[in-house]
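Residue numbers (the working numbering): 518 to 844. A virtual CB, placed ideally from N, CA and C, is assigned to each residue, including glycine. A quick write-up on the structure given underneath.
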Amino acid sequence: MKRVLSGMQPSGQLTLGNYIGALKNYVTLQHTHDCYFMVVDLHAITVPQEPAALKEQSESVTALYIAAGIDPAKATVFMQSHVRQHAELGWLFTTLTYMGELERMTQFKDKSEGKDSVGAGLFTYPSLMAADILLYNADLVPVGDDQKQHLELTRDLAQRFNQRYGDTFTIPEPYIPQVGARIMSLDDASKKMSKSSTNAGSFITLLDSPDVIRKKISRAVTDSGREVKFDPQAKPEVSNLISIYANCSDLSIAEIEALYEGQGYGPFKKELAERVVALLEPLQQRYREIRESGELYDILRQGAERAAEQAEKNLRIAKERMGFLVL
Ligand code: ATP
Ligand code: MG
Numbered sequence: 518m519k520r521v522l523s524g525m526q527p528s529g530q531l532t533l534g535n536y537i538g539a540l541k542n543y544v545t546l547q548h549t550h551d552c553y554f555m556v557v558d559l560h561a562i563t564v565p566q567e568p569a570a571l572k573e574q575s576e577s578v579t580a581l582y583i584a585a586g587i588d589p590a591k592a593t594v595f596m597q598s599h600v601r602q603h604a605e606l607g608w609l610f611t612t613l614t615y616m617g618e619l620e621r622m623t624q625f626k627d628k629s630e631g632k633d634s635v636g637a638g639l640f641t642y643p644s645l646m647a648a649d650i651l652l653y654n655a656d657l658v659p660v661g662d663d664q665k666q667h668l669e670l671t672r673d674l675a676q677r678f679n680q681r682y683g684d685t686f687t688i689p690e691p692y693i694p695q696v697g698a699r700i701m702s703l704d705d706a707s708k709k710m711s712k713s714s715t716n717a718g719s720f721i722t723l724l725d726s727p728d729v730i731r732k733k734i735s736r737a738v739t740d741s742g743r744e745v746k747f748d749p750q751a752k753p754e755v756s757n758l759i760s761i762y763a764n765c766s767d768l769s770i771a772e773i774e775a776l777y778e779g780q781g782y783g784p785f786k787k788e789l790a791e792r793v794v795a796l797l798e799p800l801q802q803r804y805r806e807i808r809e810s811g812e813l814y815d816i817l818r819q820g821a822e823r824a825a826e827q828a829e830k831n832l833r834i835a836k837e838r839m840g841f842l843v844l
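As structure tokens, then:
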């Protein structure tokens, strides 16, 4: 069975972008693959996090994984910091990564832009991400389009390690959705939707109430035209909303275009909001049940145990090959 690994940062509430770009695929892949889904708290602290917020968000992201349909009996669900091997292999890969490679990463450029002080961890983030994936010899990594560049670096680093020290790591492939690989901000279609954005109107979280969802979608920026047409170059805002619609229904892009032909944006946005509400309401119900059940920590404990077993095996091999003394 092929292995899958991916994770999300507890750097805020999960958004529709996170769901459409990655979480939705986690849920389908668990039926056909040996899956490892983690909450990457070590990545979240590459930008400042308030301790109480980090704790709450770590619990919330874990609960949302389950609420979205990940079955902890099928997939291994765990917290990155609970499996210490991530930090350790992360360091080894930091030493294998070139400064020039990290300097080319657009996520670093985007997240450090205009900041007075930037933590070194934000710069070396991709080395840790490579370690996360390679530690389990994952074949497939479900991610949004924004992580493609980091995944390419992961592949380069795996190849570099294998060449230097002998065949050790599986070269992973990205698994990116056809529609919705990059959901854009509702207020600015030149930026991707991000849970860490300071403008709450730019994203829809999986926990937003129906009224908030309706308000955010009605305020979402469109253009001065009135044609519901998928054309990311000429109509990036409307195309983004169509991508969301397609992912919240079983309609294709062409079917959505046909449905709203000649009607303008009003009815389209209204129905889109209802589709999003209908998708999220049952998920939010399950979320509340999970948070109240108190089972989260048991899931994480079991997940960490399973993950650490795999991780330790592969870390030992890597260290031995590099010339560390292994007891
Ligand atoms: P942050 O702003 O803190 O980086 P984020 O919203 O980018 O948060 P991440 O935790 O970095 O979320 O990413 C989790 C997963 O969601 C990754 O697989 C990423 O590619 C995917 N993803 C993030 N944003 C989008 C988006 N706008 N559209 C599609 N996929 C996305
Ligand atoms: Mg991100």
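*Evaluate aspartate 591 with the Cβ neighbour count: other Cβ atoms within 10 Å of its Cβ, from every protein chain shown; 16 or more gives buried, anything less gives exposed.*
The question names aspartate, but residue 591 is lysine in the sequence shown. With fewer than 16 other Cβ atoms within 10 Å, it is exposed.
*When the Cα of threonine 593 is compared with those of Pro689, Gly617 and His548, which residue comes out closest?*
Out of Pro689, Gly617 and His548, His548 has the C-alpha closest to the C-alpha of threonine 593.
*Taking Cβ positions, are leucine 668 and glutamate 618 nearer each other than 8 angstroms?*
The answer is no: Cβ separation not under 8 angstroms.
*Mind listing, in chain order, the continuous beta strand (DSSP E) runs of no fewer than 3 residues lying wholly within the segment 526-593?*
The qualifying runs are 551-556.
*Could you check if serine 719 is buried or exposed, using at least 16 other CB atoms within 10 Å of its CB as the buried criterion?*
Residue environment analysis places serine 719 among the buried positions, since at least 16 neighbouring C-beta atoms fall within 10 angstroms of its C-beta.
*Based on the DSSP output, what are the partners of serine 748 in its beta bridges?*
Before going further, note that residue 748 is aspartate rather than serine in the sequence given. According to DSSP, which records beta bridges pairwise, aspartate 748 is partnered with Lys752.
*Assuming asparagine 716 contacts phenylalanine 686 (C-beta within less than 8 angstroms), just tell me the rounded distance between them.*
So it is not a contact: roughly 39 angstroms between Cβ atoms.
*Identify every run of the beta strand (DSSP E) within the segment 771-814, keeping only runs that are complete inside it and at least 3 residues long; order them along the chain.*
Within the segment 771-814, no complete beta strand (DSSP E) run reaches 3 residues.
*Around the C-beta of threonine 563, are 16 or more other C-beta atoms found within 10 angstroms, so that it is buried, or is it exposed?*
By the 10 Å Cβ count, threonine 563 comes out buried.
*Starting from the Cα of serine 644, find the closest Cα among Val635, Glu620 and Asp662 and give me that residue.*
Taking the Cα of serine 644 as reference, the smallest distance to any Cα among Val635, Glu620 and Asp662 is reached at Glu620.
*Can you name the start and end residues of the alpha helix (DSSP H) that proline 727 belongs to?*
Counting along the chain, the alpha helix (DSSP H) containing proline 727 begins and ends at 727-736.
*What whole-angstrom Cβ distance do glycine 863 and isoleucine 693 have, given they're in contact under 8 angstroms?*
The question about residue 863 has no answer here: the residues shown for the chain are numbered 518 through 844.
*Are leucine 559 and leucine 613 closer than 8 angstroms when you measure CB to CB?*
Between leucine 559 and leucine 613, the C-beta spacing is not below 8 angstroms.
*Sorted by chain position, which residues of the same chain lie with C-beta nearer than 6 angstroms to glycine 524's C-beta, five sequence neighbours on each side aside?*
In chain order, Met555 and Val557 place their CB closer than 6 angstroms to the CB of glycine 524, counting only its own chain and leaving out the 5 sequence neighbours on each side.
*If we call anything under 8 angstroms between Cβ atoms a contact, is glutamate 774 one with lysine 746?*
Going by beta carbons, glutamate 774 and lysine 746 fall inside the 8 angstroms limit.
*Look at the alpha carbon of asparagine 757 and the alpha carbon of alanine 706, and state the distance between them as a whole number of angstroms.*
If I take the Cα positions, the gap works out to 8 angstroms.
_Rounded to the nearest angstrom, what separates leucine 724 and leucine 609 at their Cα positions?_
Leucine 724 and leucine 609: Cα-Cα distance of roughly 38 angstroms.
*Quick one: give me the first and last residue of the beta strand (DSSP E) that leucine 844 is part of.*
Counting along the chain, leucine 844 falls outside any beta strand (DSSP E), and DSSP gives it neither H nor E.
*Per DSSP, the bridge partner or partners of glycine 524*: Met555.
_Helix, strand or coil for lysine 709? Go by DSSP, reduced to three states._
Correct three-state label for lysine 709: strand.
*Looking at the structure shown, is glutamate 618 part of a helix, part of a strand, or coil, going by DSSP?*
The answer is helix: DSSP assigns glutamate 618 an H, G or I state.
*From the DSSP output, in three-state form, read off tyrosine 692 for me.*
Reduced to three states, the DSSP call for tyrosine 692 is strand.
_In this structure, how does DSSP classify leucine 832 when only helix, strand and coil are distinguished?_
Taken through DSSP and simplified to helix, strand or coil, leucine 832 comes out as helix.
_Closest to cysteine 552 by C-alpha separation, out of Glu630, Arg838, Ala824 and Lys836, would be which residue?_
Minimum Cα distance to cysteine 552 is reached at Ala824.
*Could you check how far apart the C-beta atoms of glycine 697 and alanine 648 are, in whole angstroms? I think they sit under 8 angstroms.*
No, glycine 697 and alanine 648 are not in contact; Cβ-Cβ is about 28 angstroms, not under 8 angstroms.
*Is the segment 759-772 touching the segment 813-829 in the sense that three or more CB pairs, one from each, lie closer than 8 angstroms?*
With fewer than three CB-CB distances shorter than 8 angstroms, the segment 813-829 does not count as touching the segment 759-772.
*asked:* If I measure Cβ to Cβ from alanine 795 and keep anything under 6 angstroms in the same chain, skipping five residues before and after, which residues do I get?
replied: Sequence-distant Cβ neighbours of alanine 795 in its own chain, meaning closer than 6 angstroms and more than five residues away, do not exist here.
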